[in-house]
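Before any comments, here is the structure.
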Amino acid sequence: MPKTQMIDVTEGASVKIEVKGHRVAFSCYGQVTSLNGEAEPGVALEAIGASNCGEFVEEGVSDVDGNYRIRGLQPNCDYKIQLKKSEANEHISRATPATQTIQVTDDIVENVNVIVFRKMKQFDLSGNVVVDNEFLSTLKVKLFREDNPDNPVHTVSLGSSSFFHFPSLTKDDTRYRIRLETSLSKSTHTYILPEASFSTADGYYKHITLPFTPERKSVEQEIAQGSYLALPLLVAFVIVVFNHNKILPLVLQKIQQTVKSTTAAATSSYRPSAPAPSSAPAPRPHRYVGLRSRG
């Protein structure tokens, strides 16, 4: 049938015209939801042609119910349906499946559904320590900012479980360091404390495994350590034995000098005190009166 046709319509008459067309493009329908099935409106999707249809690109946006429609798909072409990189999708981190390939023949394509994940503003951190159960109660896991390694942000005691979980961190691209600490004494055990570092820019979740394999020191090691401590005393004793003829007189002389200086100090510090003046009146001298005899 031609594109246009002239018809005559007389008064009171009805004219029936048959129109035929040939469809040259088709649409793709689907729904965008979150993982729990809630509709995600305002998500931009695009259909990118593949193989010989690589020059074709169409797009669509989900409505308030999460439904979308991408128009203008050419027949006998394969398209990849995926998230469009645009400002409309800044709140979306990823979609599953990331891409879906559809084949357009001579009909519409339906039920091409997409699940999207919103960007999270928090970072979750967990981990476990590979260690014998007998050492669990001695362990703590500390979390530090790399720019402040002296003040821990969080501290977790393992207790009876080798798994640990820290409170959620803010996803701000900060670098952190996680460190294992123990109350085991270095005098009884040998060990290396493991560390690990990460950045909150590396996704939304991190699990870290820390191996800890302390070994108890053997008796020979303890004896050897004690021998090292006693060695200086033994050397001093040997020197005294072989040089007693010279050392003993010097020691005796030093003792005598010490005794003399101590005695002199004690003598000089003792001074007898003068008698205190008496407050009683002095006795009067006696007068003897001689008697003359009369003859």
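Quick note, the sequence shown lines up with residues 3 to 297 if you use our numbering.
Built from N, CA and C at the ideal position, the CB exists for glycine as well.
Since this is a predicted model, take the numbers as computed values, not measurements.
Is the segment 76-86 in contact with the segment 119-126, if contact means three or more CB pairs nearer than 8 Å?
-> Segments in contact, no.
In the segment 125-159, which residue ranges form an unbroken beta strand (DSSP E) of at least 3 residues, counting only runs that do not cross its ends?
Entirely contained in the segment 125-159, the beta strand (DSSP E) runs reaching 3 residues are, in chain order, 141-147, 156-159.
Practice prompt. With a 10 Å radius around its C-beta and 16 neighbouring C-beta atoms as the bar for buried, classify Tyr-207 as buried or exposed.
Written response: By one-based count along the sequence shown, residue 207 stands at place 205. Taking every protein chain shown into account, the CB of Tyr-207 has fewer than 16 other CB atoms within 10 angstroms, so this residue is exposed.
Quiz item: So which of Ala-27, Thr-12, Gln-7 has the shortest CA-CA distance to Ile-19?
Solution: Here residue 19 is taken as the residue at index 17 of the sequence shown, counted from 1. That would be Gln-7, whose Cα lies nearest to the Cα of Ile-19.
Endpoints, beta strand (DSSP E) assigned at Gly-74
Here residue 74 refers to the residue found at position 72 of the sequence shown. DSSP places Gly-74 inside the beta strand (DSSP E), whose first and last residues are 69-75.
| query | DSSP on Val-118, reduced to helix/strand/coil? | reply | For the purposes of this step, residue 118 is taken as residue 116 along the sequence shown, with counting starting at 1. Strand, per DSSP.
Going by the DSSP bridge assignment, what does Ser-164 pair with across the sheet? As a first step, residue 164 must be located in the sequence shown, where it is residue number 162. DSSP output for Ser-164 lists no bridge partner at all.
### Exposure of Glu-60, with buried meaning 16 or more beta-carbon neighbours within 10 Å
Position 58 of the sequence shown holds residue 60. Around the C-beta of Glu-60, 16 or more other C-beta atoms lie within 10 Å, and the residue is accordingly described as buried.
- [ ] State buried or exposed for Phe-168, treating a residue as buried only when at least 16 other CB atoms are found within 10 Å of its CB.
- [x] The residue labelled residue 168 in the question sits at position 166 within the sequence shown. Looking at its Cβ environment, which holds 16 or more other Cβ atoms inside 10 Å, Phe-168 is buried.
message: Across the segment 102-117 and the segment 12-31, are there enough close Cβ pairs to call them in contact, namely three or more that are closer than 8 Å?
response: Contact between the segment 102-117 and the segment 12-31 is established, with three or more Cβ pairs separated by less than 8 Å.
Check your understanding: Quick one: Cα of Ile-194 to Cα of Ala-46, how far?
Key -> Walking along the sequence shown from the start, residue 194 turns up at place 192. Walking along the sequence shown from the start, residue 46 turns up at place 44. Spanning the two alpha carbons is a distance of roughly 52 Å.
For Pro-151, tell me which candidate among Thr-215, Ser-199, Arg-73 has the shortest Cα-Cα distance. Stepping through the sequence shown from its first residue, residue 151 is reached at position 149. Considering only alpha carbons, the answer is Ser-199.
Notebook entry, point to check: Any idea if Gly-14 is buried or exposed, counting beta-carbon neighbours within 10 angstroms, 16 or more meaning buried?
Noted result: Counted from its first residue, the sequence shown places residue 14 at position 12. Answer is exposed; the Cβ neighbour count stays below 16.
Excluding the five sequence neighbours on either side, which residues of its own chain have a C-beta within less than 7 Å of the C-beta of Arg-25, listed in chain order? If you number the sequence shown from 1, residue 25 lands on position 23. Excluding sequence neighbours, Arg-25 sits near nothing in its chain.
Return the first residue and the last residue of the beta strand (DSSP E) that Ser-199 is part of.
-> For the purposes of this step, residue 199 is taken as residue 197 along the sequence shown, with counting starting at 1. Per DSSP, the unbroken beta strand (DSSP E) holding Ser-199 starts and ends at 197-201.
For Val-133 and Ser-164, which I take to be in contact (beta-carbon distance under 8 Å), what is that distance rounded to the nearest angstrom? By one-based count along the sequence shown, residue 133 stands at place 131. By one-based count along the sequence shown, residue 164 stands at place 162. At roughly 6 Å, the Cβ-Cβ gap stays under 8 Å, so Val-133 and Ser-164 are in contact.
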